[in-house]
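Protein sequences appear in the order of chains V and X.
The letter at position 55 of the first sequence is residue 77 when you use this note's numbering, and the numbering goes up by one with no holes.
The letter at position 46 of the second sequence is residue 68 when you use this note's numbering, and the numbering goes up by one with no holes.
Protein chains: 2
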Amino acid sequence: MSGHKENRDAVSDVALARAENSAQGSIPTAVDRDPAIPPVCCSLAISGDEQAKLITMFKALGNPVRFEIMKFLVTRPGCITGDIVEYLPIAQSTVSQHLKVLRDAGWIEGAISGAAVNYCLHARNIAWFKEKVGEIF
Amino acid sequence: MSGHKENRDAVSDVALARAENSAQGSIPTAVDRDPAIPPVCCSLAISGDEQAKLITMFKALGNPVRFEIMKFLVTRPGCITGDIVEYLPIAQSTVSQHLKVLRDAGWIEGAISGAAVNYCLHARNIAWFKEKVGEIF
DNA sequence: GCCCACTATCGTATTTTTGCGATGATAGAT
DNA sequence: ATCTATCATCGCAAAAATACGATAGTGGGC
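This is how it looks when you write it as structure tokens:
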């Protein structure tokens, strides 16, 4: 054993621990390689939860199928799963999984409508995403 | 055989082919489920190349380590690979790979400085990303 | 020339993601 | 009650992503 995957979570822990110092005012310079050059900017006031949510949203859209689903939804006020299944050349079960990823990430929301489920963009979360990205970078 | 992976590219092809109709004016409604409800908005004037680049950028930041690297870079005008290696609890070779992903995606750029490489945010691409995301959603 | 600091790449192992068909679960119609 | 439509979930296989150590390459100092 040892896919060395344990570090993936450790990154958030260690790095975030250091990052919290910046929230305190002293900007974190893990390595002060040239004190003459001051850190640039950015409060980076982002909580661990917010960061995790952002990463999840980034990851969700980092896939062609899901990106296509989002583009599809952008052009209409909402649609049911079957519409997307018809639109895309992939199996229903696969589409369902992608929809779940998008829903869990917060990009879309689904309203049960009889036996069908009506999906639409999650406007509030999308606005939040754009706002946060704007703040950080 | 059958990882059924061939469709992943096909999605872009098929869906994009339909999407191009929208660029022509007639908004693509794969399934016209209720003509009374008009499509919402969005020109979605995005080329295949632009979409591919966007997806790559999304995917790149959908990873905790790379997100942490970006946060690190945001707080300073630039730094060398070694600084990031010291900052994060992961191996140098792994950091190097992540930096390559970020560089290929266009989030950062690296300038050779002697034996070292100075990495900094790719301001132009970041601005482009925010602009495109704002346009689409 | 020879070393040292700094990165990138190679080879490999593990985990995660992606996709499918088959099967379950639920709502509405007959 | 049964059938149909709709969607989610399960189980599995293939591919991609992630991580490491080891190794190669490059530039600067001696």
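Where a beta carbon is used, it is the ideal one built from N, C-alpha and C, also for glycine.
Quantities reported herein were computed from a predicted structural model and do not represent experimental measurements.
1) Looking only at its chain, what residues have a beta carbon closer than 7 Å to the beta carbon of Ala127 (chain V), apart from the 5 residues adjacent to it on each side?
2) Closer than 7 Å between beta carbons: that is the criterion. Which residues of the region 88-104 of chain V meet it against chain X?
3) Go ahead and label Gln73 (chain X) buried or exposed: buried means 16 or more other beta carbons lie within 10 angstroms of its beta carbon, across all protein chains shown.
4) Here's the rule I'm using: 16 or more other beta-carbon atoms within 10 Å means buried, otherwise exposed. How should Arg98 (chain X) be labelled?
5) State yes or no: is the beta carbon of Gly84 (chain X) nearer than 8 Å to at least one beta carbon in chain V?
6) How should Asp71 (chain V) be labelled, buried or exposed, when 16 other C-beta atoms within 10 angstroms of its C-beta is the threshold for buried?
7) Can you tell me whether DSSP reads Ser118 (chain X) as helix, strand or coil?
8) In the DSSP assignment, find the beta strand (DSSP E) that holds Gly132 (chain X) and state where it starts and stops.
9) Along the chain, where does the alpha helix (DSSP H) that runs through Leu143 (chain X) open and close?
10) According to DSSP, Ile102 (chain X) sits in a beta bridge with which residue or residues?
11) Quick one: what does DSSP say Arg55 (chain V) is sitting in, helix, strand or coil?
12) Hey, would you say Leu121 (chain V) sits closer than 8 Å to Glu90 (chain V), going by beta carbons?
13) Report buried or exposed for Ile134 (chain X), applying the criterion of at least 16 other Cβ atoms within 10 angstroms of its Cβ.
14) Quick one: is the Cβ of Gln73 (chain V) within less than 7 Å of any heavy atom of the ligand PLP?
15) Does the beta-carbon distance from Val139 (chain V) to Thr116 (chain V) come in below 8 Å?
16) By the 10 Å Cβ neighbour count, where 16 or more other Cβ atoms means buried, how is Arg146 (chain V) classified, buried or exposed?
17) DSSP three-state label for Ala74 (chain X), please.
18) At the level of alpha carbons, what is the spacing between Pro86 (chain X) and Ala67 (chain X)?
19) Hey, how far is the Cα of Arg88 (chain V) from the Cα of Ser118 (chain V)?
20) Residues of chain V with a CB under 8 Å from the CB of Ile130 (chain X): which are they?
21) According to DSSP, is Pro86 (chain V) helix, strand or coil?
The relevant details are as follows:
1) In the first sequence, the residue the question calls residue 127 (chain V) occupies position 105. So the list reads Thr78, Met79 and Ala82, once near-sequence residues are dropped.
2) Cβ contacts with chain X come from Phe89, Glu90, Lys93, Val96, Thr97, Arg98, Pro99 and Cys101.
3) Start at 1 with the first residue of the second sequence, and residue 73 (chain X) comes out as number 51. So Gln73 (chain X) counts as buried.
4) As a position in the second sequence, residue 98 (chain X) is number 76, starting the count at 1. It counts as buried.
5) Counting from 1 along the second sequence, the entry for residue 84 (chain X) is found at position 62. True, the Cβ-Cβ gap to chain V drops below 8 Å.
6) Numbered from its first residue, the first sequence carries residue 71 (chain V) at position 49. Note on Asp71 (chain V): under 16 other CB atoms within 10 angstroms of its CB, so exposed under the neighbour-count rule.
7) The residue you call residue 118 (chain X) lines up with position 96 of the second sequence. For Ser118 (chain X), the secondary structure class from DSSP, reduced to helix, strand or coil, is helix.
8) As a working mapping, residue 132 (chain X) is identified with position 110 in the second sequence. Boundaries of the beta strand (DSSP E) around Gly132 (chain X): Ile130 to Ser135.
9) Here residue 143 (chain X) corresponds to residue number 121 of the second sequence, with the count starting at 1. Segment Ala138 to Leu143 is the beta strand (DSSP E) holding Leu143 (chain X); no alpha helix (DSSP H) there.
10) As a first step, residue 102 (chain X) must be located in the second sequence, where it is residue number 80. Partner(s): X:Asn140.
11) Working through the first sequence from its first residue, we reach residue 55 (chain V) at position 33. Below a pLDDT of 50, predicted positions are generally treated as unreliable, and Arg55 (chain V), at 34, falls in that range; the measurement from the model is reported next regardless. Looking at Arg55 (chain V) - three-state DSSP - the assignment turns out to be coil, as it is neither helix nor strand.
12) Indexing the first sequence from 1 puts residue 121 (chain V) at position 99. Indexing the first sequence from 1 puts residue 90 (chain V) at position 68. Cβ atoms of Leu121 (chain V) and Glu90 (chain V): not closer than 8 Å.
13) Residue 134 (chain X) sits at position 112 when you count from the first residue of the second sequence. Answer is exposed; the Cβ neighbour count stays below 16.
14) By its list of ligands, the structure shown contains no ligand whatsoever, and the ligand PLP lies outside what it can speak to.
15) The residue given as residue 139 (chain V) occupies position 117 in the first sequence. The residue given as residue 116 (chain V) occupies position 94 in the first sequence. With respect to Thr116 (chain V), Val139 (chain V) sits apart: the two C-beta atoms are not nearer than 8 Å.
16) As a position in the first sequence, residue 146 (chain V) is number 124, starting the count at 1. Exposed is the call here.
17) In the second sequence, residue 74 (chain X) corresponds to position 52, counting from 1. Residue state, collapsed to three classes: helix.
18) By one-based count along the second sequence, residue 86 (chain X) stands at place 64. By one-based count along the second sequence, residue 67 (chain X) stands at place 45. Pro86 (chain X) and Ala67 (chain X) have their C-alpha atoms roughly 31 Å apart.
19) Residue mapping note: residue 88 (chain V) aligns to position 66 of the first sequence, counting from 1. Residue mapping note: residue 118 (chain V) aligns to position 96 of the first sequence, counting from 1. Rounded to whole angstroms, the gap between the alpha carbons of Arg88 (chain V) and Ser118 (chain V) is 11 Å.
20) As a working note, residue 130 (chain X) is residue 108 in the second sequence. Those do not exist, as Ile130 (chain X) stays about 11 Å from chain V at its closest Cβ, beyond 8 Å.
21) If you number the first sequence from 1, residue 86 (chain V) lands on position 64. DSSP places Pro86 (chain V) in helix when its eight states are reduced to three.
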